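Enquirer: Take the position in the sequence shown, starting the count at 1, then add 1316; the result is the number in this note's numbering. The beta carbon of each residue, even a glycine, is placed where N, CA and C say it ideally should be. Just so we're clear, the structure is a prediction, and the values are computed from it rather than from any experiment.
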Amino acid sequence: MHCLICYKHLQPDTTWSTLFTSAEKQICADCESQFERLIEVSNHHCQICMRPLKESLNLCGDCFAWRERLDGRDPLKRNMSIFTYNEFMKEIMTLFKYRGDYELIYVFKEEIKQTFVSLKDFAIVPIPLSEERFNERGFNQAEAIASLAGEKILNLLKRTSSEKQSKKTKQERIFFNKSI
1317 MHCLICYKHL QPDTTWSTLF TSAEKQICAD CESQFERLIE VSNHHCQICM
1367 RPLKESLNLC GDCFAWRERL DGRDPLKRNM SIFTYNEFMK EIMTLFKYRG
1417 DYELIYVFKE EIKQTFVSLK DFAIVPIPLS EERFNERGFN QAEAIASLAG
1467 EKILNLLKRT SSEKQSKKTK QERIFFNKSI
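In structure tokens, the structure reads:
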């Protein structure tokens, strides 16, 4: 078996837990060490988006602005993030989303399952892709990640534009029409 990221040969550890489970490592220790868990980066996080905060605040500036802009009726109650979006994670997401390396999804399987075990009263609602983007990639990356939780996925949202979000500025991404 090889690391799904760097393709190094994986030497499975023989421990008591590996003798009684079928869970196999998907990545090598070197690659695993490059993922920064949010919980290890900062003690303070935005209660909505999980962005690390330097102070003991409840909301980051962006989430506070969204709450103000929507008069307190923001439909996003909470976003769960496990890892920081560091350079390594950017590389992985580029390979996964834009190069179609679907197998990389399994790198996150155990962490996502563990995260959802602790949650109650939640809904998994992946962001839909435009038909054009779906045809380019062959899969919806948000839905693929959501499927790892092993919970029911609700497809409640509809894509109204085919514009790429990655080509927009931050201001363009957060601008919205209040009449929607």
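Would you mind stating whether A1462 and P1442 have Cβ atoms separated by less than 8 Å?
Expert: yes
Enquirer: Give the single residue among M1317, R1389, C1322, R1415 whose Cα lies nearest to the Cα of D1346.
Expert: Distances from the alpha-carbon of D1346 to those of M1317, R1389, C1322, R1415 put C1322 closest.
Enquirer: Who does I1469 pair with in a DSSP beta bridge?
Expert: I1440
Enquirer: Which of helix, strand or coil does DSSP assign to F1450?
Expert: helix
Enquirer: I'd like to check one pair, I1469 with I1428: are the Cβ atoms closer than 8 Å?
Expert: No, these two residues do not count as a Cβ contact at 8 Å.
Enquirer: Does the Cβ of Q1342 have 16 or more other Cβ atoms within 10 Å, making it buried, or fewer, making it exposed?
Expert: Q1342 is buried by the Cβ-count criterion.
Enquirer: At what residues does the alpha helix (DSSP H) containing Q1430 begin and finish?
Expert: 1425 to 1433
Enquirer: Along the chain, where does the alpha helix (DSSP H) that runs through I1421 open and close?
Expert: Unbroken run through I1421: none, as it is neither H nor E.
Enquirer: Between the stretch 1358 to 1368 and the stretch 1389 to 1397, do at least 3 Cβ pairs fall closer than 8 Å?
Expert: yes
Enquirer: Excluding the 5 residues flanking E1467 on each side, which residues of the same chain have their C-beta closer than 7 Å to its C-beta?
Expert: F1432, I1440
Enquirer: Leaving aside the five residues before and after G1454 along the sequence, list all residues of the same chain whose C-beta is less than 7 Å from its C-beta, in chain order.
Expert: G1416
Enquirer: Applying the 10 Å Cβ sphere with the 16-neighbour rule, what's the burial state of F1412?
Expert: Buried.
Enquirer: With DSSP run on the structure shown, which of helix, strand or coil describes R1353?
Expert: In this structure, R1353 counts as strand in the three-state DSSP scheme.
Enquirer: Starting from G1377, follow the alpha helix (DSSP H) in both directions and report where the run begins and ends.
Expert: 1377 to 1385
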